[in-house]
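**Student:** Quick one: the structure is below, questions incoming.
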Amino acid sequence: MLLATVVDQVAMECDLALVTVKQYELAVKRFSEFLGKQATKDDLTTENLNGFVCSLQKFLTGTTARNYRVSITRLWNHLTEFYGLEPYNVRRLRRPKIEEKPVYAWSAQQVQQLMQGCENLIGIMRCGAREYEFMKAWLLLGYDTGLRPIDLRGIEWDDLDFESRRFAIVQHKTGIAHHGMMRPQTIVALEILQQRLPNSTKVFPLSKGGVRRLELALYKEAATFGFKRRRGQGIGTLRKTHATGVYTLAGEHAAAESLGHVGGVRTARKSYIDHRAVQKGRLPPEF
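Quick note on numbering: my numbering labels position 136 of the sequence shown as 415, and the sequence is numbered without any gaps.
See the structure below:
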């Protein structure tokens with residue numbers, strides 16, 4: 280039996296989110312590429328899975344490699360339960376080590392430099408909006424809300440209430456409702472953008488690649504105002520900047536709540552709050 284068929288069975292029998300199904304499909308695709316053939320039920324052995332995870336760690340982070348392993352073992356569990364496949368010994372499976380790194384958000388000054396860089400974007404997009412209006416609205420809304428880029432690309436005008444200055448969405452990653460506030464200057468930028476997009480239901484009607492193109496152009500223009508970013512920092516860093524700002528004003532619980540993160544305070548501290556903003560450690564008494 281092909282593992283791709285098993286993915287279809289699991290997806291049919293369980294109420295899985297689309298993003299989870301796609302993760303399983305990608306894991307099977309990568310596993311098949313590792314084996315050099317279409318992966319089947321008989322290929323699920325400890326040796327094959329450990330070799331697969333080991334090969335992934337050569338070019339992927341430990342977290343990503345672990346997620347692929349979780350996807351394959353989920354299919355393995357299904358085959359064990361319904362098709363009598365020998366279960367795996369979890370103690371023998373390779374466990375990728377997760378390397379934790381300090382969190383770096385953009386400072387208020389860096390966000391200001393990005394805003395200045397927006398003024399130098401002079402192009403007109405195919406949808407009719409001007410590039411600087413589009414990116415200015417994106418930066419302001421991203422900073423105010425702390426939404427993930429995928430949620431910003433999916434947010435619709437009906438999700439925004441300009442009068443009460445609030446938004447309400449269902450998060451793509453978690454499927455959980457989330458709401459928050461927007462500042463007056465963000466409302467102004469969004470109203471200008473809305474005038475340019477009279478026929479669009481989405482606030483930012485652009486693909487991931489389209490936003491990335493504007494993002495890179497923005498970094499180049501913002502560099503003339505002194506903007507610098509660390510390696511790996513993308514437009515999603517605004518989520519960390521939002522969390523760090525809320526943490527500075529109101530603490531960890533408020534930051535986690537403002538992110539709409541289901542992992543709570545621990546996840547907010549670990550992944551979103553800039554380590555430089557966290558209270559420094561304490562010293563023992565003098566001796």
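Cβ coordinates follow ideal geometry from the N, Cα and C atoms, glycine included.
Small disclaimer: the values here were computed from a predicted structure and weren't measured.
(1) Are at least three pairs of beta-carbons, each pair with one atom in the region 455-463 and one in the region 440-447, less than 8 Å apart?
(2) Evaluate G407 with the Cβ neighbour count: other Cβ atoms within 10 Å of its Cβ, from every protein chain shown; 16 or more gives buried, anything less gives exposed.
(3) Taking 8 Å as the cut-off, decide whether the C-beta atoms of G425 and S537 are in contact.
(4) Tell me whether R462 is buried or exposed, calling it buried when 16 or more other Cβ atoms sit within 10 Å of its Cβ.
(5) Using the rule of at least 16 other Cβ atoms within 10 Å of the residue's Cβ for burial, across every protein chain shown, is L328 buried or exposed?
(6) Quick check on DSSP: helix, strand or coil for D553?
(7) Out of Q474, Y347, K320 and P564, which one is the CA nearest neighbour of T299?
(8) Could you name the residues of the same chain whose beta carbon sits closer than 6 Å to that of I377, not counting the 5 residues immediately before and after it, in chain order?
(9) Does DSSP put R345 in a helix, in a strand, or in coil?
(10) Do Q364 and K301 have their C-beta atoms closer together than 8 Å?
(11) Out of F331, L297 and K380, which one is the CA nearest neighbour of K308?
**Tutor:** Quick answer:
(1) Because the criterion of three Cβ pairs below 8 Å is met, the region 455-463 and the region 440-447 touch.
(2) Along the sequence shown, read from residue 1 onward, the residue named residue 407 stands at position 128. With fewer than 16 other Cβ atoms within 10 Å, it is exposed.
(3) Looking up residue 425 in the sequence shown gives position 146. Looking up residue 537 in the sequence shown gives position 258. In terms of Cβ geometry, G425 and S537 form a close pair [threshold 8 Å].
(4) Residue mapping note: residue 462 aligns to position 183 of the sequence shown, counting from 1. That one is exposed.
(5) Position 49 of the sequence shown, counting from 1, holds the residue named residue 328. Buried, by the Cβ-count rule.
(6) Working through the sequence shown from its first residue, we reach residue 553 at position 274. Per DSSP, reduced to three states, the secondary structure at D553 is coil, with no helix or strand assignment.
(7) Here residue 299 refers to the residue found at position 20 of the sequence shown. Measuring from the Cα of T299, the nearest candidate turns out to be Y347.
(8) As a first step, residue 377 must be located in the sequence shown, where it is residue number 98. G341 and T342.
(9) Along the sequence shown, read from residue 1 onward, the residue named residue 345 stands at position 66. If DSSP states are grouped into helix, strand and coil, R345 belongs with the helices.
(10) For the purposes of this step, residue 364 is taken as the residue at position 85 of the sequence shown. For the purposes of this step, residue 301 is taken as the residue at position 22 of the sequence shown. The question names Gln, yet the displayed sequence has Leu at residue 364. Taking C-beta atoms as the reference points, L364 and K301 fail to come closer than 8 Å.
(11) Within the sequence shown, residue 308 is the residue found at index 29, counting from 1. Checking every option, the nearest Cα to that of K308 belongs to F331.
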